[in-house]
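Novice: Here it is, the structure, as structure tokens.
Residue numbers (the numbering used here), protein chains in the order written: chain L, 134 to 280; chain U, 63 to 186.
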């Protein structure tokens, strides 16, 4: 994965919060994760196919997702909605990346996860980059693994 | 007033968000579907004059749904609402007969504007 490809996802996170939340977000410098993936409370993974191979995870603390839900006008914070929100954020950030990567960047529907699964499938053979995100003091991460 | 709106999206959050925004009297009835197959079942039993359609969904994708719905009822107005930001996807949706394309994420104001544009076209 090239630096310019990684930048597309860094910018995509900023764009999401600016457009959906109408607020700035802190997107910290991506780092290479060589160990096992550590997921937060709610996560979603998007499989990537077409001209690319790999996956994109969005993982977030439940407190952050609750805050996002409230900001969007949602009155319920049912756990199913929190999981759904993680899936939609992964879907939007990945789908928006097609603006630069084109239709060859084919995305799957999101698979939603709660907590740290006992058996987490290896994200692929490519390097795994973690993009730390902080919004209103709450943590989340975008994890990008592309060959 | 347009009678029936069908909201098709596999995300509960998005369906509820669209329903909250458009449940203000623009439509007399709002139906929802969480995948393409369910959307076609609902559409066949309760034809809608206006549809908001996601693209990336399980079972049957939104582009195929657009095509099938317009074969069943050519005067249906379809607004595609998708995260897929490439130009080719928007062109494909419009080629199949969708009349509008709204990119996710969207604000309530952007949704209302996109819907009102299509509704005013249908009244013109």
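Backbone N, C-alpha and C define an ideal beta-carbon position, used for all residues, glycine too.
Any idea which residues DSSP pairs residue 91/U with across the strands?
Specialist: DSSP lists 66/U as partners of residue 91/U.
Novice: Rounded to whole angstroms, what is the Cα-Cα separation between residue 277/L and residue 213/L?
Specialist: Near 24 angstroms, if we compare the C-alpha coordinates of residue 213/L and residue 277/L.
Novice: For residue 120/U, count neighbouring C-beta atoms within 10 Å of its own C-beta (all shown protein chains included) and say buried if the count is 16 or more, exposed if not.
Specialist: Exposed, because fewer than 16 other Cβ atoms sit within 10 Å of the Cβ of residue 120/U.
Novice: What does residue 147/U reach in chain L if we use C-beta pairs closer than 8 angstroms?
Specialist: Those within 8 angstroms of residue 147/U in chain L are 228, 229, 230, 231, 232.
Novice: Here's the rule I'm using: 16 or more other beta-carbon atoms within 10 Å means buried, otherwise exposed. How should residue 211/L be labelled?
Specialist: Residue 211/L should be labelled exposed.
Novice: How is residue 164/L classed by DSSP in three states: helix, strand or coil?
Specialist: It is a strand residue.
Novice: Is residue 152/L close to chain U? Criterion is C-beta to C-beta, closer than 7 angstroms.
Specialist: Interface residue, yes.
Novice: Kindly list the residues whose CB is nearer than 6 angstroms to the CB of residue 96/U, restricted to its own chain and excluding five residues on each side of it in sequence; keep chain order.
Specialist: Only 72 meet the Cβ criterion.
Novice: On a Cα-Cα basis, can you pick out the residue from 164/L, 226/L, 146/L that is closest to residue 242/L?
Specialist: Residue 226/L is the option with its Cα nearest to residue 242/L.
Novice: Report the rounded CA-to-CA distance for residue 271/L versus residue 234/L, giving the unit in angstroms.
Specialist: The alpha-carbon atoms of residue 271/L and residue 234/L are separated by roughly 29 angstroms.
Novice: Just reading off the beta strand (DSSP E) that residue 177/L is part of, what are its end residues?
Specialist: Run containing residue 177/L: 175-183, per the beta strand (DSSP E) assignment.
Novice: Let me confirm a value: residue 136/L is counted as buried when at least 16 other C-beta atoms fall within 10 Å, else exposed. Which label applies?
Specialist: With fewer than 16 Cβ atoms within 10 Å of its Cβ, residue 136/L is classed as exposed.
Novice: Is the distance from the Cβ of residue 153/L to the Cβ of residue 223/L below 7 angstroms?
Specialist: Not a contact, by the Cβ cut-off of 7 angstroms.
Novice: Is it buried or exposed, residue 136/U, if we count other Cβ atoms within 10 angstroms and call 16 or more buried?
Specialist: Exposed, by the Cβ-count rule.
Novice: Using a Cβ-Cβ cut-off of 7 angstroms (strictly less than) and excluding sequence neighbours within five positions of residue 160/L, which residues of its own chain qualify?
Specialist: Cβ neighbours of residue 160/L beyond the five flanking positions: 143, 146, 147, 264, 266.
Novice: With DSSP as the reference, label residue 239/L as helix, strand or coil.
Specialist: Here residue 239/L sits in strand by DSSP.
Novice: Going along the chain, which residues of its own chain have a beta-carbon closer than 8 angstroms to the beta-carbon of residue 229/L, five neighbours each way excluded?
Specialist: Cβ within range, chain order: 145, 148, 149.
Novice: What residues are listed by DSSP as bridge partners for residue 193/L?
Specialist: 175/L, 273/L.
Novice: Going by the beta-carbon positions, is the gap between residue 115/U and residue 140/U smaller than 7 angstroms?
Specialist: Yes, these two residues count as a Cβ contact at 7 angstroms.
Novice: Against residue 119/U, what residues of chain L qualify as contacts under a CB-to-CB distance less than 7 angstroms, listed in chain order?
Specialist: 242, listed in chain order.
Novice: Tell me which residues share the same chain as residue 280/L and place their Cβ nearer than 8 angstroms to its Cβ, disregarding the 5 neighbours each side in the sequence.
Specialist: So the qualifying residues of the chain are 134, 185, 186, 187, 257, 258, 259.
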